[in-house]
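Numbering (UniProt numbering), first residue to last: 1 to 137.
See the structure below:
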């Protein structure tokens with residue numbers, strides 16, 4: 001999202017208001033059988049497209065910037081979907097990191113907001129708390 005914000009930081013010129021944002025995720029696709037490997041020159045697994053739909057926070061930023069007329073993203077089954085930025089808000093979901101923070105916050109019994117309380121810094125299954133990152137002078 002930093003790249004998008006930098007792109008439109010000073011207010012995009014009129015020409016740039018017609019941009020299309022393309023978001024894809026590559027993942028290793030398992031190749032079935034030795035015959036399939038031979039078809040790839042024996043190089044092993046090939047790349048396939050994974051789910052890259054913008055999360056709820058990214059969707060809000062994309063809409064707020066107003067410089068994109070379309071957003072194209074890849075789906076779990078390898079398709080590319082093209083939607084208007086406003087349509088992203090209707091089907092967006094929290095990112096996996098945000099869901100993890102919420103889960104950690106609810107497991108801590110509401111001991112502060114997610115991301116700020118001790119529960120958010122706790123490791124998996126009640127492990128000892130992880131110290132906060134040190135600030136560099």
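Ideal Cβ positions, reconstructed from N, Cα and C, are used throughout, including at glycine.
Any beta carbon from chain D within less than 9 Å of residue i's own beta carbon?
i, result
"residue 88", "Here there is only one protein chain, and chain D is not present."
Compare the C-alpha of residue i against each of the options and name the closest.
i, options, result
"residue 84", "109, 64, 25 and 78", "64"
"residue 26", "105, 51 and 102", "51"
"residue 75", "48, 99 and 108", "48"
"residue 46", "28, 109, 58 and 97", "28"
"residue 96", "108, 57 and 73", "57"
Verify whether the separation of the beta carbon atoms of residue i and residue j is less than 9 Å.
i, j, result
"residue 88", "residue 53", "yes"
"residue 20", "residue 81", "no"
Closer than 7 Å by C-beta to residue i: which residues in its own chain qualify, once you throw out the five before and the five after it? Chain order, please.
i, result
"residue 86", "63"
"residue 109", "none"
"residue 22", "72"
Report the CB separation of residue i from residue j in whole angstroms; it is logged as a contact under 8 Å.
i, j, result
"residue 67", "residue 92", "The Cβ separation is near 18 Å, so there is no contact."
"residue 69", "residue 18", "6 Å"
Can you name, in chain order, every residue of its own chain whose Cβ lies under 8 Å from the Cβ of residue i, other than the five neighbours on each side?
i, result
"residue 59", "85, 88, 89 and 92"
Regarding residue i and the ligand FAD, is the C-beta to nearest heavy atom distance less than 8 Å?
i, result
"residue 75", "With respect to the ligand FAD, the structure shown offers nothing to examine, as it has no ligands at all."
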